[in-house]
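Trainee: There's a structure below that I have some questions on.
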Amino acid sequence: MSLYRDDGIVLRTHKLGEADRIVTVLTRRTGKVRGVAKGVRRTMSRFGARLEPFTHVDLQLHTGRTLDVITQAETIRPYGEALVTDYPRYTAGSAMLETADRLTLGEKEPSLRQFLLLVGGLRTLGSGEHEPRLVLDAYFLRSLAVAGYAPALEACARCKAPAVRAFAIVAGGVVCGGCRPAGAAVPAGETLALMVALLKGDWLTADASDGRHRAECSGLVAAYLQWHLEHGIRSLRHVEREPAT
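Each residue of the sequence shown is one higher than the one before, counting from 6 in this note's numbering.
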């Protein structure tokens, strides 16, 4: 058996047999790993509580035929503790975990930037410094950028013209009047400015934005993300959006 050690964020779990659990973890060095935690559903399990979603854990595993086996687990930081009692933050965090899982399709393919982005997103979400949906939208935009799908926001996605008139998901972001396809959305200039701020980490601008622009931004970002993933993010149906004002 080949033993290895890595740390990562638990993305999801599901039951296996009567007492075991399959745990999906986005790790720092190895990438996404699915491991079997034997006996963790028993009352006297040594580390069952350490393998819950949102937890940053240090793991020791040995390589199995189809699934690796988790032999040790130590908690580094339980991000879930700051989220489970706050519905908006918990649902935003759940959408982050699901997105990280969707964007890292291959197992054991190193994804250090996605891992660091997820850790930073959960830390920011738990700190309570910013509105949860803003944190989530910033995470969506940055994770898309890391995956190579960053939307064009400051020049036409097709011809690079600086005068933009609309936002077209199929075109890859903002478009000018000449390149605008049918059905493209026409967001407010403040909404596009908010998207730029979230992508760049300009929290001073983001925190000062109006509710109606946050709501419009959230709709565009969610649609853009799900179009590129070719799959809906189930957790988004529970996320509370910033009300328009």
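Just so it is clear, CB atoms sit at the ideal spot from N, CA and C, and this is done for glycine as well.
#1: Classify Gly13 as buried or exposed, calling it buried when 16 or more other Cβ atoms lie within 10 Å of its own Cβ.
#2: Going by the DSSP bridge assignment, what does Glu112 pair with across the sheet?
#3: Out of Glu103, Cys161, Gly224, point me to the one whose CA is closest to Leu31's CA.
#4: Nearest to Val15 by CA position, among Arg26, Leu56, Pro156, is which residue?
#5: As a quick exercise: from Ala97, Leu209, Glu112, pick the residue whose alpha carbon is nearest that of Gly85.
#6: Out of His19, Gly22, Val38, which has the shortest C-alpha to C-alpha gap to Glu114?
#7: Is it the case that the segment 123–135 contacts the segment 165–178, given that we only count it when at least three CB pairs across the two stretches are under 8 Å?
#8: Ordered along the chain, which non-local residues of its own chain (more than five positions away) have a Cβ less than 6 Å from that of His19?
#9: Taking 7 Å as the cut-off, decide whether the C-beta atoms of Val41 and Asp25 are in contact.
#10: Would you say Asp142 reaches chain C, if we count a Cβ-Cβ gap shorter than 7 Å as a contact?
#11: With respect to the beta strand (DSSP E) encompassing Pro83, which residues constitute its N-terminal and C-terminal limits?
#12: Could you tell me the distance, in whole angstroms, from the CA atom of Cys184 to the CA atom of Ala152?
#13: Buried or exposed, going by whether 16 or more other CB atoms sit within 10 Å of the CB of Ser148?
#14: Taking the straight line between their C-alpha atoms, what separation do you get for Val276 and Lys43?
#15: Count the other C-beta atoms from every protein chain shown that fall within 10 angstroms of the C-beta of Arg94, then say buried if there are 16 or more, exposed otherwise.
Mentor: The answer reads as follows:
#1: buried
#2: Lys37
#3: Glu103
#4: Leu56
#5: Ala97
#6: Val38
#7: no
#8: Ile27
#9: yes
#10: Included in the structure is just one protein chain, with no chain C present.
#11: 73–83
#12: 25 Å
#13: buried
#14: The requested residue 276 is not part of the displayed model; the chain covers only 6 to 250.
#15: buried
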